[in-house]
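Q: Below are the structure tokens for one structure; questions will follow.
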Amino acid sequence: MADGILTLNAGSSSIKFALFAREATIPRQPVLVGQIDGIGAAGQAAHLKAKDAAGRTLDDADLDLDGPALTPHQAALRHLVGWLHRHEAGWRIAGVGHRVVHGAQQFSRPVVLDDAMIAALRGFIPLAPLHQPHNLAGIDAMRSASPGLPQVACFDTAFHRSQPEVAQLFALPRAITAEGVRRYGFHGLSYEYIADVLPQHLGDERADGRVVVAHLGNGASMCAMRGRRSQASTMGFTAVDGLMMGTRTGNLDPGVLLYLMDYRKMDVAALTRLLYKESGLLGVSGISQDMRVLLDSPAPEAREAVDLFCYRIVREIGSLAAALGGLDALVFTGGIGEHGAPVRERVCASLGWLGIELDGPANAANAAKISATSSRVDACVIPTNEEWIIARHTAGLIG
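Quick note on this note's numbering: the sequence shown kicks off at 976 and runs consecutively.
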């Protein structure tokens, strides 16, 4: 029986999972990948979908998660563990790696979880109330389903702890900063993967230069790197800051919130829905949060949403290039970054002043390198692989 590393990304209503072979060097391709959707949804059955390494469907079915004294996440994890035993009988799970959104200032690298560590992570819930509880629910459910199985937390904030102190501060009173109100940055596992593979695409010298990585998807952010370490990020205290996203506002004048509280009498719950669920591409277009739908739509509102998305990216690239003192390479990743050729084209067309020249056919083909040979700045498309980063850290920590 072969050992495997299971990775979990537990959200409010879903659990994404992947199983990697535990070898001396963790393969980048998982043995299987899947997710359980609809966990805890009223009047809706949870649904499991899974595929093997060749893309063949292993399961696609509704689940009955009713069980005595079990939370929906616990029931889903118990079902997943049993499902893995049934469908991959040749594998023994040797450890589980979890994506955990917030590690605050305390954690700058992955950690093996124990009672003290989990208690510390619970203390960060006020810093990420929409994400941290669900990550912890996945950890608790896995501990309940498989007691004694080693578990590792990998943090989305950890990669950005290399930023200079000045890049992490808000202009707030020191007493508030001391409470943990500062810029943390997110999507760190994605940026860590890109940093790991950059030399394969740019060569060692250029990879260690001034690089901006654009992680563009339903959640979107950018990171400025030097020496393949984070120097600045568009996301700050929360994952709603910075770029416009699928349903999130991105950067917003705080005075807008004061106005909405005063004149519209919006409370915290209403503002949270507005900032996280009703804005971004969906809010501006009134049509969809899906970039593919908007690019295909003839509606002027759809065009305006795409234009605003691209404009905000260009603005933020200028800011990050200033923080780096110039730019040697621009990398696109994430769902839109990897597949949205029209978005990349619009962004690069506005960055000629920085030295970017696009190779149109290469961009249309989603090639790995999309800059022209005459371009002073390299432009690349690199698919991210957060699950592999989690699996590699987990294998290394459990020994």
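Every residue gets a Cβ at the ideal spot worked out from N, C-alpha and C, and that includes glycine. Keep in mind the model is a prediction, meaning the values are calculated, not measured.
Sorted by chain position, which residues of the same chain lie with C-beta nearer than 6 Å to I980's C-beta, five sequence neighbours on each side aside?
A: Result list for I980: F995, R997, G1070, A1366, T1369, A1370, in chain order.
Q: When we look at the beta-carbon of W1066 and count the other beta-carbons within 10 Å, is it buried (16 or more) or exposed?
A: It counts as buried.
Q: Just mark Q1175 as buried or exposed, buried being the case when its beta carbon has 16 or more other beta carbons within 10 Å.
A: Per the 10 Å Cβ criterion, exposed.
Q: Does the beta carbon of S987 sit closer than 8 Å to a beta carbon anywhere in chain C?
A: In summary, chain C is missing from the structure at hand, where a single protein chain is found.
Q: Between the segment 1346-1360 and the segment 1308-1317, are three or more C-beta pairs nearer than 8 Å?
A: Short answer: they touch.
Q: So who's on the other strand from C1323, going by DSSP bridges?
A: Looking at the DSSP assignment, C1323 forms no beta bridge with any residue, so it has no partner.
Q: Thinking C-beta only, is A1116 closer than 8 Å to V1076?
A: No, they are not a contact pair.
Q: For Y1238 and G1230, I'd like the C-alpha separation in whole angstroms.
A: If I take the Cα positions, the gap works out to 12 Å.
Q: Indicate the three-state DSSP secondary structure (helix, strand or coil) for R1201 in the structure shown.
A: R1201: strand per DSSP, three-state reduction.
Q: When you compare the CB positions of I1292 and M1220, do they come within less than 8 Å of one another, or not?
A: Cβ atoms of I1292 and M1220: not closer than 8 Å.
Q: Considering just the uninterrupted stretch of the alpha helix (DSSP H) at R1377, what are its terminal residues?
A: Nothing can be reported for residue 1377: it is not among the residues displayed for the chain, which extend from 976 to 1374.
Q: Starting from G1255, trace the alpha helix (DSSP H) both ways and give me its first and last residue.
A: It spans 1255-1260 - the alpha helix (DSSP H) in which G1255 sits, taken as one unbroken run.
Q: Tell me the rounded alpha-carbon separation between A1120 and I1114.
A: So the alpha carbons of these two residues sit roughly 10 Å apart.
Q: In or out: S1254 buried (at least 16 other Cβ within 10 Å) or exposed?
A: Result: buried.
Q: Please give the ranges of any beta strand (DSSP E) in the segment 1206-1258, keeping only runs that are unbroken, at least 3 residues long and fully inside the region.
A: As far as the segment 1206-1258 is concerned, it has no whole beta strand (DSSP E) run of at least 3 residues.
Q: Quick one, are the C-beta atoms of A1205 and H1106 less than 8 Å apart?
A: Note on identity: in this sequence residue 1205 is Ser, with Ala being the wrong assignment. For S1205 and H1106, no; Cβs fall outside 8 Å.
Q: With DSSP as the reference, identify every bridge partner of H1073, one or two as the case may be.
A: Answer is L983, A1128, bridged to H1073.
Q: Which residue marks the beginning of the beta strand (DSSP E) containing G1309, and which one marks its end?
A: First-last for G1309: 1309-1314, but that is the alpha helix (DSSP H), not the beta strand (DSSP E).
Q: Check each candidate in A1094, G1072, F1099 and name the one with the smallest Cα separation from Q1080.
A: Nearest option by C-alpha distance: F1099.
Q: Indicate the three-state DSSP secondary structure (helix, strand or coil) for Q1175 in the structure shown.
A: Three-state result, Q1175: helix.
Q: Classify E1144: buried if its beta carbon has 16 or more other beta carbons within 10 angstroms, exposed otherwise.
A: Strictly speaking, residue 1144 in this sequence is Leu, with Glu absent from that position. Per the 10 Å Cβ criterion, exposed.
Q: Could you tell me the distance, in whole angstroms, from the CA atom of E1276 to the CA atom of L1269?
A: Answer to the nearest angstrom: the Cα atoms are 9 Å apart.
Q: Can you round the beta-carbon distance between I1001 and W1363 to whole angstroms, since I take them to be within the 8 Å contact cut?
A: Their Cβ separation, rounded to whole angstroms, is 7 Å, which keeps I1001 and W1363 in contact under 8 Å.
Q: From the DSSP output, read off the bridge partner residues of L1305.
A: Its beta-bridge partners are V1187, A1354.
Q: Go to F1099, then tell me how far its alpha helix (DSSP H) extends in each direction, as first and last residue.
A: It is not in any alpha helix (DSSP H) - F1099 carries neither H nor E in the DSSP assignment.
Q: Given this structure, state the Cα-to-Cα distance separating D1131 from F1161, to the nearest angstrom.
A: Going by the C-alpha atoms only, they are around 5 Å apart.
Q: By Cβ distance, which residues of its chain are closer than 7 Å to N1338, with the 5 residues on each side in sequence left out?
A: Closer than 7 Å at Cβ, skipping near neighbours: A1316, R1319, E1320, I1345.
Q: Are A1020 and L1038 closer than 8 Å when you measure CB to CB?
A: Result yes, Cβ atoms of A1020 and L1038 sit closer than 8 Å.
Q: Starting from the C-beta of R1084, find all residues in its chain whose C-beta is less than 7 Å away, skip the five residues before and the five after it, and write them out in chain order.
A: So the qualifying residues of the chain are A1133.
Q: Measuring CB atoms only, is the segment 1271-1289 touching the segment 1319-1336, in the sense that at least three cross pairs come out at less than 8 Å?
A: Judged by Cβ distances under 8 Å, the segment 1271-1289 makes contact with the segment 1319-1336, as three or more pairs qualify.
Q: Are the segment 981-991 and the segment 1005-1016 touching by the rule of at least three beta carbon pairs closer than 8 Å?
A: Taking 8 Å as the limit for Cβ pairs, the verdict is that the segment 1005-1016 does touch the segment 981-991.
Q: By DSSP's criteria, A1025 is part of a beta bridge. Which residues make up the other side?
A: A1025 is bridged to G1009, D1034.
Q: Count the other CB atoms within 10 Å of the CB of T1222; is the residue buried (16 or more) or exposed (fewer)?
A: Answer is buried; the Cβ neighbour count reaches 16.
Q: Can you name, in chain order, every residue of its own chain whose Cβ lies under 6 Å from the Cβ of P1125, other than the five neighbours on each side?
A: Here the set comprises G1070, I1373.
Q: Give the straight-line distance between the Cα atoms of Q1264 and T1308, rounded to the nearest whole angstrom.
A: Taking the straight line from one Cα to the other gives about 18 Å.
Q: Could you tell me if S1350 is buried or exposed, where buried requires 16 or more neighbouring beta carbons within 10 angstroms of its beta carbon?
A: Classification for S1350: buried.
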